[in-house]
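>
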DNA sequence: AAGTTTACCATGCAAATGTATGGTATTTGG
DNA sequence: CCAAATACCATACATTTGCATGGTAAACTT
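Chains as they are written, first to last, in my numbering: chain B, 1 to 207; chain E, 208 to 414.
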């Protein structure tokens with residue numbers, strides 16, 4: 001039952017997994033057909049039957065979108081990493097993904113969130129280490145003590161957020177950097193997002 | 208547009224979220240009706256329309272299962288934590304969850320995987336700290352250097368896995384513990400799972 | 001008392017969906 | 001060369017699904 005998939009079957013399986021991950025729901029036969037340019041759902045149906053026969057998926061008959069993916073190796077899915085946090089201050093966010101990271105399905109992202117890879121040990125006092133992936137959520141209001149990603153002038157920083165009476169203070173984890181007080185001097189100040197989580201994959205190599 | 212949901216509408220929304228998380232796909236009208244004991248899909252339909260009107264979901268008309276959940280606050284969902292790793296060696300896996308942890312979103316675990324909370328700094332050399340959540344996947348074959356959860360006699364341990372020629376060695380992160388060599392002396396030896404990732408939530412409180 | 005909201009049901013219908021069957025063309029292995 | 005596997009199409013059909021409409025009953029405004 002460990003038969004190999006053909007090229008096309010592999011592509012369809014990949015598409016199934018991709019859809020289930022990015023959209024949350026598996027596609028219908030019609031959607032698959034449309035994606036691959038097939039004029040007929042039956043073509044897809046036959047491919048799915050072949051894939052199921054080889055044990056890679058399981059279909060719940062009669063139900064729409066009821067395709068269960070049974071491949072164990074596909075636990076990890078690639079997600080784009082759009083920037084790096086390095087050496088305390090400067091943060092670069094590239095227009096395109098600089099890299100992808102294999103994220104377990106457990107760490108599915110909050111909507112619109114993005115990933116940044118941490119370089120260097122500037123955040124080590126927050127127990128975040130080089131190579132770790134931080135999940136940044138742009139849709140939340142920052143609360144005191146949270147680690148935020150913010151833009152000052154042209155640079156971006158990753159610091160702890162504290163809202164005082166009339167000002168906002170950004171405190172670095174690294175004691176070498178003084179807190180930044182936000183006032184009129186920073187007209188372009190903007191909170192990009194809040195670091196809601198840290199993830200580190202252990203599956204690839206030993207640390 | 209910030210109208211409150213009624214009790215029933217709230218229950219239906221919870222069900223939608225729950226299904227999307229546990230099964231990966233939103234239910235159909237019929238499935239919702241069946242779950243709540245309704246004899247009619249139209250009842251569900253009207254509830255969904257009401258929920259949509261209040262802005263909590265968004266429906267893609269004509270498409271099956273195309274219910275998008277738009278509630279921002281629901282980014283974090285509780286997942287059970289079934290045990291603790293503490294003080295180097297002993298690991299306790301409780302039959303029921305000892306706690307729940309708020310995981311970002313829509314989180315879908317690798318199949319059959321479970322979560323353990325780390326207590327103490329016994330794994331700090333692997334950059335895993337007290338309070339962190341480790342994701343354990345029981346369905347993978349361990350490779351050298353990976354951190355595994357294993358059972359020896361009655362105790363369970365979390366250590367690095369190394370397969371030598373004729374034996375298996377479990378190496379502790381903590382230098383105070385000597386490596387354990389697996390042979391006939393441990394008839395009940397069993398790999399419970401592999402630590403595939405570490406997650407730490409940053410949203411609640413400052414570290 | 002009259003209106004509104006909420007919560008349900010029944011029925012009907014068009015479109016979407018999964019499935020079965022039969023057919024053609026190409027490639028592959030013996 | 002021939003059989004089998006692969007990849008696709010067309011057509012047909014039963015369900016599933018979403019949706020619209022109309023109706024009943026209770027609870028709550030006003």
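By construction, the Cβ of each residue, glycine as well, lies at the ideal position given by its N, Cα and C atoms.
1. Thinking just about the alpha-carbon of each residue, which of E:405, E:389 and E:355 is nearest to the one in residue 398 of chain E?
2. Suppose the cutoff is 6 angstroms on Cβ atoms and the five residues either side in sequence are ignored; what does the same chain contact list for residue 275 of chain E look like?
3. Closer than 8 angstroms is the cut-off here; do at least three beta carbon pairs connect the segment 193-202 of chain B with the segment 136-145 of chain B?
4. In terms of residues, what are the limits of the beta strand (DSSP E) holding residue 274 of chain E?
5. Starting from the beta carbon of residue 64 of chain B, find every residue of chain E whose beta carbon is closer than 8 angstroms, and list them in chain order.
6. Just the Cα atoms here: how many angstroms apart are residue 373 of chain E and residue 13 of chain B?
7. Would a C-beta distance cut-off of 8 angstroms place residue 215 of chain E and residue 272 of chain E closer than the cut-off?
8. Compare the beta carbon distance of residue 222 of chain E and residue 242 of chain E with 8 angstroms and say whether it is the shorter of the two.
9. With which residues is residue 163 of chain B paired in a DSSP beta bridge?
10. How many whole angstroms separate the CB atoms of residue 172 of chain E and residue 351 of chain E, which I take to be in contact at a CB cut-off of 8 angstroms?
11. Shorter than 8 angstroms from the beta carbon of residue 306 of chain E to some beta carbon of chain B?
12. Are the beta-carbon atoms belonging to residue 236 of chain E and residue 251 of chain E less than 8 angstroms from one another?
13. Is it right to say residue 349 of chain E is buried, meaning 16 or more other beta carbons lie within 10 angstroms of its own, or is it exposed?
14. Terminal residues of the continuous beta strand (DSSP E) containing residue 57 of chain B?
15. Figure out for me which residue from B:6, B:181 and B:127 has the closest Cα to the Cα of residue 339 of chain E.
16. Could you give the first and the last residue of the continuous alpha helix (DSSP H) run that contains residue 258 of chain E?
17. Run the CB neighbour count on residue 4 of chain B, radius 10 Å, all protein chains shown included, and call it buried at 16 or more, exposed below.
18. I'd like to know whether the C-beta of residue 171 of chain B is nearer than 8 angstroms to at least one C-beta of chain E.
19. Taking 8 angstroms as the cut-off, decide whether the C-beta atoms of residue 158 of chain B and residue 169 of chain B are in contact.
Quick look at the numbers:
1. E:355
2. 265
3. yes
4. 274-276
5. 235, 271 and 272
6. 38 angstroms
7. no
8. yes
9. B:168
10. As shown, chain E starts at 208 and ends at 414. That puts residue 172 of chain E outside it, with no answer to give.
11. Caution applies to residue 306 of chain E, whose pLDDT of 43 falls short of 50 and renders its modelled position unreliable; the model cannot decide the point.
12. yes
13. buried
14. 57-59
15. B:127
16. 248-260
17. exposed
18. no
19. no
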